[in-house]
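Student: Residue numbers (the numbering used here): 29 to 176.
(1) Using only CA atoms, which one of 49, 64 and 70 lies nearest to residue 43?
(2) Mapping the DSSP letters down to three states, classify residue 39 as helix, strand or coil.
(3) Which residues in the same chain as residue 96 place their Cβ atom closer than 6 Å to its Cβ, once the five residues preceding and following it in sequence are excluded?
(4) For the alpha helix (DSSP H) that contains residue 156, what are its first and last residues?
(5) What's the call for residue 124, buried or exposed, on a 16-neighbour Cβ count within 10 Å?
(6) Could you please give me the residues that DSSP links to residue 138 through a beta bridge?
(7) Measure the C-alpha to C-alpha separation of residue 67 and residue 150 and round it to an integer number of angstroms.
(8) Thinking just about the alpha-carbon of each residue, which of 38, 144, 104 and 132 is nearest to the one in residue 52?
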């Protein structure tokens, strides 16, 4: 099978969004007809603290080129302190990804409220541009997860 070199690289992005703020921000972004790339796959979670670092590692293993976690602003969590736990976990994950040799730019944490649809779209556009510059993620890829 020959790879077409003229084909433009479109990264696969996984976005974990909390139900109460970031997912609502994504919805507002769509309602306001603000554009962000269609290759951003949103996974709705009840709270950002529900995102286990293993979910992010598994996303990379399954072929994601970048993973972003979006949650409520610190202090505004629907579950009081969930995003504080998420922030601590992500700090530990960043050091683990550094140890594994994965560029830190491939993972990002953003706080987006339900009223920030424009910020959500701008964040996704910026993140996709960053990942496009980095190219395809091959560090944790599992060839069994690739489409033939």
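All residues carry an ideal CB built from backbone N, CA and C; glycine is no exception.
Tutor: Well, looking at it:
(1) 70
(2) coil
(3) 43, 136 and 155
(4) 145-162
(5) With fewer than 16 other CB atoms across the displayed protein chains lying within 10 angstroms of its CB, residue 124 is exposed.
(6) 98
(7) 15 Å
(8) 144
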